[in-house]
Amino acid sequence: MRKLILHVGLHKTGSSAIQETGAQNRSWLKDTGYYYPAFGDARWVNHSVPLCLLFMNNPERNHTVKRIFPEDSQREDAKKQLKKVLLDEIDRHSPADILLSGEDVSLLNIEELQKLKFFINNELGIDEIHVIVYVRNPISLALSGAQEWVRAGEKTLGEVLSIGNLLQARMKIEALREVFGATPITVYDFDSVVEEVGDVSRHFYENLGVPTETLNFSRRNESMPLEKILVVSALINKVPELARICLREIPEEGSKLRPTVHSANVAVEASKRDMEYLDQEFGIKYGMGNYHQEVELDPFLLFHNCNIAISESKKAGGADVLGWARLFVSMCADVEASFPDLAAKLAVMGYNCSRAPALKSRVDHFVLHGLIKGEYVDELFVVDDDLPIVLGFNAPAYLEANPDVAEAEVNPVVHYYAFGRFAGRSLGL
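In case it helps, this note's numbering puts the sequence shown at residues 32 to 460.
Here you go:
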């Protein structure tokens, strides 16, 4: 008897790798007894769009469907074609078991899932359905989801992290249970799988009994360095076209965006009920780990990326030309709620390179709330640990070692503390 494996994500749990592995190994998988449908189009490696078109009552609520098929008539035509192609594929590749994978299936409501089940049972003629679900720790899920939204240019880092509970595991799994029953649904912990197996795609196919020694596995790394995220995210709402340019022009190098104690607490608090549900129902335990108080950041790379953004802004011209102050104010505002220590660090860096009143007021705010400790020295705000650097600064030696600074006729201590030390400039001592 044929069976159908329905993989539904959840989001940000390695679904793309599972799907691309299925598509790249379609012939090999068929030889092992499984068929991964193509839906007649190379675009549908991820089955989310076809399945949402076929079974959502209002498929335009899926942003990818709406982008690809903006008109009602286009969606109706695509729906008819996809159904015809899928039925033909399933028939031609009998008796192989069927693999369907689309993380957006987890967004279907109960009525829509019932339509999907009816289609599988009555039109595909398959009664045995197994649903595979991967869930992820809400702490890392929040940061991974934020990076995806920023890369898509659709939401800022701060906007995504302010959503609250991105996990929503209880609602999604209970809808699946109501339609398919509890027994055929298997829930795996993404974090444990990565730690133990190292590859979600390998875990998925091994658990189906597929010999994986000769499978060509797809591995995706969609993470974006923090120094790039900060700049792109700050521009998404204010100058979206410049954000898209920076996404292309700023290199993929820098620090990994990691949770801090504060951001982890925010994610855990928002997801508390889901975490209790996963523990009670599936024995999956999530909680606080050992996190740093502050985000690790490479100031030199951040300045380099800011320079790229400002340069591209000047090329474009118009009313939206960026300056250091405007860019740093936007970056501070974007991360203040989720990463207050990072916002404080950005405020100091931004003030020291621009002396903008808007950034000075932010520095004063963070000092008042105890997030930074320091004092104003000349034209700089200097954190306590750096006071010896500034107070003992040898300006003549620095100017001699850096002739371009002397030619620019800028305050040498300001130049060094705001820029030069991050770029590894010689003190000339």
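For glycine and all other residues, C-beta sits at the position ideal for the given N, C-alpha and C. Note that the structure is predicted; figures quoted are calculated from it, not measured.
Between the beta-carbon of His94 and the beta-carbon of Glu185, is there less than 9 Å?
Along the sequence shown, one-based indexing puts residue 94 at 63. Along the sequence shown, one-based indexing puts residue 185 at 154. Note that the C-beta distance between His94 and Glu185 is below 9 Å.
Report the rounded CA-to-CA distance for Glu226 versus Glu325, giving the unit in angstroms.
The residue given as residue 226 occupies position 195 in the sequence shown. The residue given as residue 325 occupies position 294 in the sequence shown. Glu226 and Glu325 have their C-alpha atoms roughly 25 Å apart.
To the nearest whole angstrom, what separates the beta carbons of Asp415 and Ile315, a pair I think is in contact under 8 Å?
Within the sequence shown, residue 415 is the residue found at index 384, counting from 1. Within the sequence shown, residue 315 is the residue found at index 284, counting from 1. So it is not a contact: roughly 44 Å between Cβ atoms.
Between which two residues does the beta strand (DSSP E) holding Val263 run?
To locate residue 263, count along the sequence shown from 1; it is residue 232. Note, Val263: premise wrong, no beta strand (DSSP E); alpha helix (DSSP H) at 257 to 266.
Note down the Cα distance separating Tyr447 from Leu131, rounded to an integer number of angstroms.
For the purposes of this step, residue 447 is taken as the residue at position 416 of the sequence shown. For the purposes of this step, residue 131 is taken as the residue at position 100 of the sequence shown. CA-CA distance, Tyr447 to Leu131, rounds to 58 Å.
Among residues of its own chain, excluding the 5 on either side of Ser264, which ones have a beta-carbon nearer than 6 Å to its beta-carbon?
Here residue 264 refers to the residue found at position 233 when the sequence shown is read from its first residue. These residues qualify, in order along the chain: Val181, Thr187, Leu188, Asp365.
Looking at Ser254: is its Cβ nearer than 9 Å to the Cβ of Ser47?
By 1-based counting over the sequence shown, the position of residue 254 is 223. By 1-based counting over the sequence shown, the position of residue 47 is 16. Inclusion of Ser254 and Ser47 in the CB contact set at 9 Å is not warranted, their separation being larger than that value.
What would DSSP say about Glu226, mapped onto helix, strand or coil?
As a working note, residue 226 is residue 195 in the sequence shown. If DSSP states are grouped into helix, strand and coil, Glu226 belongs with the helices.
Other residues of its chain near Glu327: CB distance less than 6 Å, five sequence neighbours each side excluded:
Translated into the one-based positions of the sequence shown, residue 327 becomes position 296. Cβ within range, chain order: Ser286.
Do you know whose CA, among Glu209, Arg201, Glu307, Arg304, lies nearest Leu41's CA?
On the sequence shown, position 10 is the one that residue 41 refers to. Shortest Cα-Cα distance from Leu41 to any of Glu209, Arg201, Glu307, Arg304 involves Arg201.
Just the C-alpha distance for Thr52 and Val262, rounded to the nearest angstrom, thanks.
Along the sequence shown, read from residue 1 onward, the residue named residue 52 stands at position 21. Along the sequence shown, read from residue 1 onward, the residue named residue 262 stands at position 231. When rounded, the distance between both Cα atoms is 33 Å.
Is Leu144 closer than 9 Å to Phe86 when the C-beta atoms are compared?
Here residue 86 refers to the residue found at position 55 of the sequence shown. Here residue 144 refers to the residue found at position 113 of the sequence shown. Remark: C-beta atoms of Phe86 and Leu144 approach each other more closely than 9 Å.
What residue range does the alpha helix (DSSP H) around His234 cover?
To locate residue 234, count along the sequence shown from 1; it is residue 203. The continuous alpha helix (DSSP H) containing His234 extends over residues 231 to 238.
Taking only runs of the alpha helix (DSSP H) that begin and end inside the stretch 300 to 377, which ones reach a length of at least 4 residues, in chain order?
DSSP runs (the alpha helix (DSSP H)) wholly in the stretch 300 to 377: 303 to 313, 330 to 347, 355 to 366.
Please confirm whether Phe424 and Val444 have their CB atoms less than 9 Å apart.
Taking the sequence shown and counting its residues from 1, one reaches residue 424 at position 393. Taking the sequence shown and counting its residues from 1, one reaches residue 444 at position 413. Val444 is positioned such that its CB atom lies closer than 9 Å to that of Phe424.
Quick one: using the 10 Å Cβ neighbour count with 16 as the cut-off for buried, is Phe149 buried or exposed?
Taking the first residue of the sequence shown as 1, we reach residue 149 at position 118. Exposed: under 16 other Cβ atoms inside 10 Å.
Quick check: is the beta carbon of Gly45 nearer than 9 Å to any beta carbon in chain C?
Looking at the structure shown, chain C is missing, and only one protein chain is on hand.
Local conformation of Ile216 per DSSP, three classes:
By one-based count along the sequence shown, residue 216 stands at place 185. Ile216: strand per DSSP, three-state reduction.
Name the residue from Thr63, Gly64, Pro101, Tyr66 whose alpha carbon lies nearest to the alpha carbon of Val80.
As a position in the sequence shown, residue 80 is number 49, starting the count at 1. For the set Thr63, Gly64, Pro101, Tyr66, the Cα lying nearest the Cα of Val80 is the one of Pro101.
So what does Gly71 bridge to, in DSSP terms?
As a working note, residue 71 is residue 40 in the sequence shown. Note: Gly71 sits in no beta bridge, so no partner.
Note down, in chain order, each residue of its chain lying with its Cβ closer than 6 Å to the Cβ of Gln50, except the 5 sequence neighbours on either side.
One-based indexing of the sequence shown puts residue 50 at position 19. Close CB contacts of Gln50 within its chain, under the 6 Å cut and outside five residues either way in sequence, are with Val76, Asn77, Ser132 (chain order).
Cβ neighbour criterion (16 or more within 10 Å) applied to Ile141:
Along the sequence shown, read from residue 1 onward, the residue named residue 141 stands at position 110. Counting Cβ neighbours within 10 Å, Ile141 comes out exposed, since fewer than 16 surround it.
Any chance the stretch 358 to 375 sits against the stretch 384 to 398, with 3 or more Cβ pairs inside 8 Å?
Contact between the stretch 358 to 375 and the stretch 384 to 398 is established, with three or more Cβ pairs separated by less than 8 Å.
For Tyr407, which residues does DSSP report across the bridge?
Mapped onto the sequence shown, residue 407 falls at position 376. The bridge partners DSSP lists for Tyr407 are Phe412.
CB of Tyr322 within 9 Å of CB of Ser294, strictly:
Locating residue 322 in the sequence shown gives position 291, where the first residue counts as 1. Locating residue 294 in the sequence shown gives position 263, where the first residue counts as 1. Between Tyr322 and Ser294, the C-beta spacing is below 9 Å.
Going by Cα to Cα distance, which pick from Glu406, Ala432, Gly459 is closest to Leu422?
As a working note, residue 422 is residue 391 in the sequence shown. Cα-wise, what sits closest to Leu422 is Glu406.
Please report the distance separating the alpha-carbon of Ile170 from that of Thr44.
Counting from 1 along the sequence shown, the entry for residue 170 is found at position 139. Counting from 1 along the sequence shown, the entry for residue 44 is found at position 13. Looking at the two C-alpha atoms, the distance is approximately 13 Å.
Measure the beta-carbon distance from Ala305 to Gln199 and round it to whole angstroms, keeping in mind my assumption that it falls under 8 Å.
Along the sequence shown, read from residue 1 onward, the residue named residue 305 stands at position 274. Along the sequence shown, read from residue 1 onward, the residue named residue 199 stands at position 168. For the record, residue 305 in the displayed sequence is Asp; it is not Ala. So it is a contact: roughly 7 Å between Cβ atoms.
Between Pro126 and the rest of its own chain, which residues show a CB-CB distance below 7 Å, the 5 nearest in sequence each way excluded?
Within the sequence shown, residue 126 is the residue found at index 95, counting from 1. Short of 7 Å from the beta carbon of Pro126, and not among the five residues preceding or following it, lie these beta carbons of its own chain, in chain order: Arg33.
Out of curiosity, what's the CA-to-CA distance linking Glu179 and Leu353?
Taking the sequence shown and counting its residues from 1, the one referred to as residue 179 is at position 148. Taking the sequence shown and counting its residues from 1, the one referred to as residue 353 is at position 322. Cα to Cα, the separation comes out at about 25 Å.
Would you check if the distance between the CB atom of Gly455 and the CB atom of Phe331 is smaller than 9 Å?
For the purposes of this step, residue 455 is taken as residue 424 along the sequence shown, with counting starting at 1. For the purposes of this step, residue 331 is taken as residue 300 along the sequence shown, with counting starting at 1. Yes, the pair counts as a contact, with Cβ atoms nearer than the cut-off.
Could you give the distance in angstroms between the alpha-carbon of Val408 and the alpha-carbon of Ala439?
The residue you call residue 408 lines up with position 377 of the sequence shown. The residue you call residue 439 lines up with position 408 of the sequence shown. Spanning the alpha carbons of Val408 and Ala439 requires a straight line of approximately 21 Å.
Cut-off 6 Å between Cβ atoms - residues of its own chain near His161, not counting five sequence neighbours on either side:
If you number the sequence shown from 1, residue 161 lands on position 130. Same-chain partners within the cutoff: Ile36, Pro215.
Tell whether a beta-carbon distance below 9 Å holds between Asn152 and Lys259.
Position 121 of the sequence shown, counted from the start, is the residue given in the question as residue 152. Position 228 of the sequence shown, counted from the start, is the residue given in the question as residue 259. No, these two residues do not count as a Cβ contact at 9 Å.
For a test of the three-state rule: what should DSSP assign to Glu179, helix, strand or coil?
Locating residue 179 in the sequence shown gives position 148, counting from the first residue. The answer is helix: DSSP assigns Glu179 an H, G or I state.
Taking 7 Å as the limit between beta carbons, can you name the residues of its chain near Pro388, skipping five residues before and five after?
One-based indexing of the sequence shown puts residue 388 at position 357. Nothing meets the Cβ criterion.
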